[in-house]
Amino acid sequence: MMEKIEQFIKRLITCLQIAKIYTSSHPKFAESLDAAYEGLQEVLREKQEFTIGIVGEEVAYEKEIFFELSQKIKAAIALLKKKGIERINFTKGVSKDDLSKFIEYLAAQETEQAQDPQKYLTTIGVRNITVGKIKSSEGEEQAAVGEKKAVGSEGYYEESVKTIEASVEDILGNRSVDGVDFRFNVIGVMENLMKKHNEFLRLATVKRYDSTTFWHLLNVSILSMYFSWRLGFSKDDFLDIATAAIFHDVGKIFISRKIIQKPDKLSEEEFDIVRSHSAQGAQILLKYSQTLGPIVPLVAFEHHLGYDAKGYPKKLTFPQKPHMASLIVSICDVYDALTQRRSYKREYSPALIYDIMMKEKGRLFHPELLESFFKIIGLWPYGTLVLLSDGNVAVVREQNADDISNPIVEIISQEGGNNLINLSNNRDITIKQFLNPASDGKQYLPFI
Ligand SMILES: [Fe+2]
Ligand SMILES: [Fe+2]
3 MMEKIEQFIK RLITCLQIAK IYTSSHPKFA ESLDAAYEGL QEVLREKQEF
53 TIGIVGEEVA YEKEIFFELS QKIKAAIALL KKKGIERINF TKGVSKDDLS
103 KFIEYLAAQE TEQAQDPQKY LTTIGVRNIT VGKIKSSEGE EQAAVGEKKA
153 VGSEGYYEES VKTIEASVED ILGNRSVDGV DFRFNVIGVM ENLMKKHNEF
203 LRLATVKRYD STTFWHLLNV SILSMYFSWR LGFSKDDFLD IATAAIFHDV
253 GKIFISRKII QKPDKLSEEE FDIVRSHSAQ GAQILLKYSQ TLGPIVPLVA
303 FEHHLGYDAK GYPKKLTFPQ KPHMASLIVS ICDVYDALTQ RRSYKREYSP
353 ALIYDIMMKE KGRLFHPELL ESFFKIIGLW PYGTLVLLSD GNVAVVREQN
403 ADDISNPIVE IISQEGGNNL INLSNNRDIT IKQFLNPASD GKQYLPFI
């Protein structure tokens with residue numbers, strides 16, 4: 003029995019992940035729904051009804067906790083908790099349509115989820131599947147609601163980030179990676195980006211957690227995804243690009259762990275080894291092209307090649323330009339590397355970064371893509387702390403695509419009133435300089 007239940011949970015989660023990645027009309031969804039439904043029927047052949055519960059971070063059935071399985075489906079568990087679901091009950095007579103609607107409900111973004119989940123499921127006509135909380139007394143229920151808030155979207159985000167990080171580690175350790183699972187987690191991170199893209203851009207462009215390679219990979223992925231989404235790419239395409247961005251420097255981690263671990267200046271030979279990270283990364287990722295897609299090794303291979311193909315590795319037999327995905331990732335890669343330096347050196351102001359990158363227009367970077375990038379991200383990215391020519395301190399709140407050096411800013415050095423100024427319409431006030439939030443703008447940190 004336990005095995006049948008575990009099997010069903012696995013299939014249910016796979017179907018949920020697929021529902022997040024594809025639309026419900028996609029054949030992959032139908033396939034995984036069939037499998038999940040079959041698993042459910044297997045259990046219901048022996049039982050009138052059964053309940054799956056979430057206890058803490060684990061999935062459970064009766065007194066049994068599925069520890070190993072729970073480890074693998076952390077993001078899905080966080081997602082259920084986020085929806086306020088701690089137990090799911092299935093009763094004999096449940097139809098495939100019920101299961102389909104239920105899964106689609108779980109996969110949907112939580113905009114319509116202000117409602118009680120059970121009420122919502124009843125409204126959309128789901129029968130024989132009921133959901134709720136485990137705790138029944140009112141006081142405890144309240145506590146659970148508070149807890150849910152704490153887990154909230156950040157919990158789901160954190161879990162997804164951890165799983166993405168684990169996948170990077172798996173690839174470095176030559177272990178297998180579940181493609182559906184991985185994309186589901188990328189979606190988890192990116193969905194938050196779609197909802198509050200400004201929040202996440204701020205994370206990627208201004209605020210830094212730390213400077214490890216993993217955060218670089220995540221930042222480049224967020225930027226690439228946002229950039230390609232704004233360029234009009236389809237969901238499938240921007241997920242491919244975001245996935246490729248996550249792994250673009252895998253070769254570098256691989257090399258640094260194996261060979262270079264010295265903090266001093268590198269010799270020419272050592273530089274060559276560092277340069278080999280794109281080819282090495284591609285080689286590692288090639289083994290995963292079935293699960294992660296062919297774009298992933300390709301971008302790793304080409305991300306330093308440059309628009310003019312004069313970078314590295316030297317592609318002697320391929321005279322053509324790099325793939326569009328590689329060109330997108332390479333812009334976001336350099337941009338992130340430069341902003342990262344900014345936290346240590348004041349001289350890397352947004353304006354300087356813009357100048358440095360514009361010098362490579364048509365060489366390292368695709369000219370139109372680079373122009374679009376700054377139109378979208380702005381010269382002064384969302385959340386940048388700036389000193390205005392009138393002496394006020396402000397935070398950048400919105401971009402003007404046609405006037406990238408004059409965004410809409412919010413004055414934070416003065417209280418009250420509407421402090422938003424569109425610098426594009428106020429020609430007498432300009433941005434004088436960028437303030438480093440870690441040093442000269444410390445007191446304004448809570449406002450950013
Ligand atoms: Fe690189
Ligand atoms: Fe990079």
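The sequence shown begins at 3 in our numbering and counts up one residue at a time. The C-beta atom is built at its ideal place from N, Cα and C for all residues, glycine as well. Just so we're clear, the structure is a prediction, and the values are computed from it rather than from any experiment.
Task: Given V191 as reference, the closest of K121, S407 and W217 once Cα atoms are compared - done: Counted from its first residue, the sequence shown places residue 191 at position 189. Minimum Cα distance to V191 is reached at W217.
- [ ] Reducing DSSP to helix, strand and coil, say where A62 ends up.
- [x] As a first step, residue 62 must be located in the sequence shown, where it is residue number 60. Note: A62 maps to strand in three-state DSSP.
Open item on the list: Within a Cβ cutoff of 6 Å, which residues of the same chain sit near T16, ignoring the five residues on either side of it in sequence?
Closed with: The residue given as residue 16 occupies position 14 in the sequence shown. Cβ within range, chain order: S34.
Task: Residues bridged to V57 [DSSP beta-bridge criterion] - done: The residue labelled residue 57 in the question sits at position 55 within the sequence shown. For V57, which the question treats as bridged, DSSP gives the partners E60.
Open item on the list: For chain D, check one thing: does any of its Cβ atoms lie closer than 8 Å to the Cβ of Y63?
Closed with: Of the chains in the structure shown, none is chain D; there is only one protein chain.
Task: Local Cβ density within 10 Å of F273, reported as buried at 16 or more and exposed below that - done: Here the question's residue 273 lines up with position 271 in the sequence shown. Counting Cβ neighbours within 10 Å, F273 comes out exposed, since fewer than 16 surround it.
Open item on the list: Let me confirm a value: M227 is counted as buried when at least 16 other C-beta atoms fall within 10 Å, else exposed. Which label applies?
Closed with: For the purposes of this step, residue 227 is identified with residue 225 of the sequence shown, where counting begins at 1. Flag for M227 reads buried.
Open item on the list: Quick check on the burial criterion: 16 or more other C-beta atoms within 10 angstroms. Buried or exposed for S391?
Closed with: Within the sequence shown, the letter at position 389 stands for residue 391. Counting Cβ neighbours within 10 Å, S391 comes out exposed, since fewer than 16 surround it.
Task: Selection from I173, F375, H325 and L372 that minimises the alpha carbon distance to Y290 - done: By 1-based counting over the sequence shown, the position of residue 290 is 288. Of I173, F375, H325 and L372, the residue nearest in Cα terms is I173.
TODO: Spell out a yes or no on whether the stretch 328 to 340 and the stretch 295 to 315 are touching, meaning 3 or more CB-CB pairs, one atom from each, closer than 8 Å.
DONE: yes
Task: Whole-angstrom distance between A353 and I433, CA atom to CA atom - done: Taking the sequence shown and counting its residues from 1, one reaches residue 433 at position 431. Taking the sequence shown and counting its residues from 1, one reaches residue 353 at position 351. Cα to Cα, the separation comes out at about 10 Å.
TODO: Enumerate in chain order the residues of its own chain whose CB-to-CB distance from F186 is below 7 Å, with the five nearest sequence positions on each side excluded.
DONE: Sequence index remark: in the sequence shown, residue 186 carries index 184 (1-based). Around F186: Q19, K22, I23 and A77.
Task: Inter-residue CB distance, I359 and Y337 (contact presumed, cutoff 8 Å) - done: Here residue 359 corresponds to residue number 357 of the sequence shown, with the count starting at 1. Here residue 337 corresponds to residue number 335 of the sequence shown, with the count starting at 1. Ile is not the amino acid found at residue 359; the sequence shown has Met there. With a Cβ gap of about 7 Å, M359 and Y337 count as contacting.
Task: Cβ-Cβ distance between S26 and E106 below 8 Å - done: As a first step, residue 26 is located in the sequence shown; it is residue number 24 there, counting from the start. As a first step, residue 106 is located in the sequence shown; it is residue number 104 there, counting from the start. Yes.
TODO: Check whether the Cβ of D335 sits closer than 7 Å to any heavy atom of ligand 3, and report yes or no.
DONE: Of the ligands this structure carries, namely ligand 1 and ligand 2, none is ligand 3.
TODO: Tell me whether N420 is buried or exposed, calling it buried when 16 or more other Cβ atoms sit within 10 Å of its Cβ.
DONE: Counted from its first residue, the sequence shown places residue 420 at position 418. Classification for N420: exposed.
TODO: Might you give, ordered along the chain, the residues of its own chain that have their beta carbon closer than 6 Å to the beta carbon of S351, omitting 5 neighbours on each side?
DONE: Translated into positions along the sequence shown, residue 351 becomes position 349. F436.
TODO: Tell me, please, which residues DSSP counts as bridged to E88.
DONE: As a first step, residue 88 must be located in the sequence shown, where it is residue number 86. Note: E88 sits in no beta bridge, so no partner.
TODO: Can you tell me the Cβ-Cβ gap for R232 and I410, rounded? I've got them flagged as a contact below 8 Å.
DONE: Here residue 232 refers to the residue found at position 230 when the sequence shown is read from its first residue. Here residue 410 refers to the residue found at position 408 when the sequence shown is read from its first residue. Not really, about 17 Å apart at Cβ, beyond 8 Å.
- [ ] Have a look at A37, Q285, E271 and K237 and flag the residue whose alpha-carbon is nearest the alpha-carbon of D251.
- [x] The count along the sequence shown starts at 1 and reaches residue 251 at position 249. When each option's Cα is compared against that of D251, the closest is Q285.
Task: DSSP-derived helix/strand/coil call for V128 - done: Here residue 128 refers to the residue found at position 126 of the sequence shown. It is coil, neither helix nor strand.
- [ ] Taking I406 and G380 to be in contact with their CB atoms under 8 Å, please state how far apart those CB atoms are, rounded to whole angstroms.
- [x] Against the sequence shown, residue 406 aligns to sequence position 404. Against the sequence shown, residue 380 aligns to sequence position 378. About 5 Å separates the two Cβ atoms, so the contact holds.
Open item on the list: Quick check on DSSP: helix, strand or coil for R365?
Closed with: By one-based count along the sequence shown, residue 365 stands at place 363. Looking at R365 - three-state DSSP - the assignment turns out to be coil, as it is neither helix nor strand.
Open item on the list: Quick check: the Cα distance between T341 and G253, rounded to an integer number of angstroms?
Closed with: Position 339 of the sequence shown, counting from 1, holds the residue named residue 341. Position 251 of the sequence shown, counting from 1, holds the residue named residue 253. Roughly 22 Å between the two C-alpha positions.
TODO: Please find out if some non-hydrogen atom of ligand 2 comes closer than 7 Å to the beta-carbon of A327.
DONE: Residue 327 sits at position 325 when you count from the first residue of the sequence shown. Because no heavy atom of ligand 2 lies under 7 Å away, the Cβ of A327 does not count as near it: no.
Open item on the list: Could you check whether Q282 and F256 sit closer than 8 Å to each other, using their CB atoms as the reference points?
Closed with: Here residue 256 is taken as the residue at index 254 of the sequence shown, counted from 1. Here residue 282 is taken as the residue at index 280 of the sequence shown, counted from 1. Yes.
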